[in-house]
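For the sequence shown, the positions run 445 to 670 when the working numbering is used.
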Amino acid sequence: MASRFASTGKKIVAIGRNYAAHIKELNNTTPTEPFFFLKPTSSYVVNDGPVEVPRGVDVHHEVELGVVIGKKGRDISAAKAYEHIAGYCLAIDYTARNMQEVVKKKGLPWSAVKGFDTFCPVGDFIPASEIKDPQDLELWYKVNGETKQDGNTNLMLYKIDALIEHCSSIMTLEEGDLLLTGTPSGVGPVKAGDKVTAGLRQGGKDISNIKHDVIPREGGYFFQGK
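Here it is in structure tokens:
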């Protein structure tokens, strides 16, 4: 079932560079069409579990609205996109920023940069019927009580229906897949010992929250900056 997307979904399709201010803060170019990458479902964290910082990695936060696919589709038109949505969730796309800078210069993929275990905490599933307008939701993210990100989904360059149309023209979207819709400005680092809170707000009221600790990863990959 789509409501159990974190345990049954097959893929996480993550949109990049979908908020103008975020593009500017990282000195990236604005895409001429939606741009996406994939995260593994093994990166999910549920029930406010901790997020691990791999050795040698500078981890940055990116709070996002997640769209949960409820009906399988290929070549879905924008006009019918919402027929394929089961619901939504609050999500955080964590990124190994120093690794990303290296692989971008080399023209290499982002799989490792985005794919570490624990790099995709998600909140509870929210049925689509409970969201009045997914293009008018506020996203916020705090580190140790200090607000780092605070933005509205109405600032997306490419709206949800256009994202579904584009992504499904390339790969079939299946029930339980999660579409991450991009992050507003304010991204920045987290380190071991930090305490994170994040929220999704509708009409001035939080409807979903994530809270987690940030801890060091013991063992595993060690990025040495090359």
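Cβ atoms here follow ideal geometry from the backbone N, Cα and C, with glycine treated the same way.
**Item:** With 16 other Cβ atoms within 10 Å as the buried cut-off, status of Thr591
**Value:** exposed
**Request:** Tell me, please, which residues DSSP counts as bridged to Tyr665.
**Result:** For Tyr665, which the question treats as bridged, DSSP gives no partner whatsoever.
**Request:** Give the range of the beta strand (DSSP E) segment to which His656 is assigned.
**Result:** 649 to 660
**Prompt:** Considering only residues of the stretch 459 to 493, which uninterrupted beta strand (DSSP E) runs meet the minimum length of 3 residues and lie entirely inside it, listed in chain order?
**Reply:** 479 to 483
**Asked** Which residues bound the alpha helix (DSSP H) around Asp537?
**Response** Premise fails: Asp537 is in no alpha helix (DSSP H) and is neither H nor E.
**Short Cβ contact (8 Å threshold) for Ala522 with Ala606** = yes
**Unbroken alpha helix (DSSP H) run spanning Thr642, endpoints** = Position check: residue 642 holds Ala in this sequence, whereas Thr was assumed. Counting along the chain, Ala642 falls outside any alpha helix (DSSP H), though it belongs to the beta strand (DSSP E) covering 639 to 646.
**Request:** Evaluate contact between the stretch 506 to 514 and the stretch 615 to 630, counting only Cβ atoms and requiring at least three cross-stretch pairs below 8 Å.
**Result:** yes
**Message:** Counting C-beta neighbours from all protein chains within 10 Å, is the total for Ala530 16 or more, i.e. buried, or is it exposed?
**Reply:** buried
**Asked** So the beta strand (DSSP E) Val557 belongs to, where does it begin and stop?
**Response** Element bounds for Val557: not the beta strand (DSSP E) but the alpha helix (DSSP H), 555 to 559.
**Message:** Distance check for Gly559 and Lys483, CA to CA, integer angstroms please.
**Reply:** 5 Å
**Prompt:** To which residues does DSSP link Gly531 through a beta bridge?
**Reply:** Val512, Pro571
**Prompt:** If Gln593 and Val631 are in contact, beta carbons under 8 Å, what's the gap, nearest whole angstrom?
**Reply:** 7 Å
**Message:** Using 8 Å for Cβ pairs, my map puts Asn462 next to Tyr602. What's the rounded Cβ distance?
**Reply:** 6 Å
**Item:** Three-state class that DSSP yields for Gln579 in the structure shown
**Value:** coil
**Request:** In the DSSP assignment, find the unbroken beta strand (DSSP E) run with Thr591 in it and report its ends.
**Result:** 590 to 596
**Asked** Going by beta carbon distance, what residues of the same chain come within less than 7 Å of Val557, once the five residues before and after it are set aside?
**Response** Thr539, Ala540, Met543, Gln544, Val547
**Item:** Where Met615 falls: helix, strand or coil (DSSP)
**Value:** coil
**Request:** Name the two residues that bound the continuous beta strand (DSSP E) containing Gly632.
**Result:** 632 to 634
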